[in-house]
Amino acid sequence: HSYAVHQLYSAVGQGISQQPLVQVATWCLGEYGQFLLDGNCDEVEPQQVDAEDVLSLLERILQSHLSLPSTRAYALTALMKLGTRLQDADINRIRSLVSIYCSCHDVELQQRAVEYNTLFRKYDHLRASILEKMPVVEKIG
1 HSYAVHQLYS
11 AVGQGISQQP
21 LVQVATWCLG
31 EYGQFLLDGN
41 CDEVEPQQVD
51 AEDVLSLLER
61 ILQSHLSLPS
71 TRAYALTALM
81 KLGTRLQDAD
91 INRIRSLVSI
101 YCSCHDVELQ
111 QRAVEYNTLF
121 RKYDHLRASI
131 LEKMPVVEKI
141 G
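Take the sequence shown: its letter number 103 is residue 103 in full-length UniProt numbering, and every next letter is one higher.
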């Protein structure tokens, strides 16, 4: 996971025109973004990445005219997940980025942002358990 998230972070940092790649990268950042910060990846040269860098990349994806609504939805979810996983994550920044989409013209993004805002306001104590990592797929046979 560490190698993949490092490579995807680097690829998306160079450009966000390939939307399927950006979607995979944002999903992986949401699930495994903490691997970027610990700098523990033997396969690649260590990158100096902090929570602010990851949030800035996701903000750039959200604000880009190249980003499809589905890509923005992945980025919003990644922001929410990182808010529970990264110690240095700026929760106020995440809240403000999410709240921008509460009045979005895209109904799916608006609904997602309103739900995430409600998590912050009314169910903050449940946020970490709701946004847990996806379970590892068990091998059969």
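Positions of the beta carbon are idealized from the N, C-alpha and C atoms, including for glycine.
Selected residue, minimal CA-CA separation from residue i, among the options
i           : options                        : result
Tyr74       : Val12, Ala4, Val24, Ser103     : Val24
Gln48       : Leu57, Lys133, Leu37, Leu58    : Leu37
His1        : His105, Tyr123, Gly33, Ser56   : Gly33
Ala78       : Glu52, Val107, Leu131          : Leu131
His65       : Ser96, Gln87, Gln110, Gln19    : Gln19
residue 143 : Leu58, Arg60, Ala113, Ala51    : Given a span of 1 to 141 for the chain in the structure shown, any question on residue 143 remains unanswerable.
Ile91       : Arg60, Tyr116, Glu138          : Tyr116
Arg93       : Ser56, Met134, Leu21, Leu29    : Ser56
Gln110      : Leu21, Phe35, Pro69            : Pro69
Phe35       : Arg95, Gln14, Gln87            : Gln87
Leu82       : Glu108, Ser103, Lys133, His105 : Lys133
Cβ-based burial, residue i [other Cβ within 10 Å; buried from 16]
i           : result
Tyr9        : buried
residue 147 : Any property of residue 147 remains undetermined from this structure, which presents the chain solely from 1 to 141.
Met80       : buried
His6        : buried
Ile61       : buried
Lys22       : The sequence given here places Val at residue 22; Lys does not occur at that position. It is buried - the Cβ of Val22 has at least 16 other Cβ atoms within 10 Å.
Within 8 Å, strictly: CB atoms of residue i and residue j
i      : j      : result
Val98  : Leu76  : yes
Arg127 : Thr84  : yes
Ile100 : Ser67  : no
Thr71  : Thr118 : no
Cys28  : Ala4   : yes
| message | Runs of 3 residues minimum, wholly inside the stretch 40-106: which ones carry the beta strand (DSSP E) assignment? | response | none
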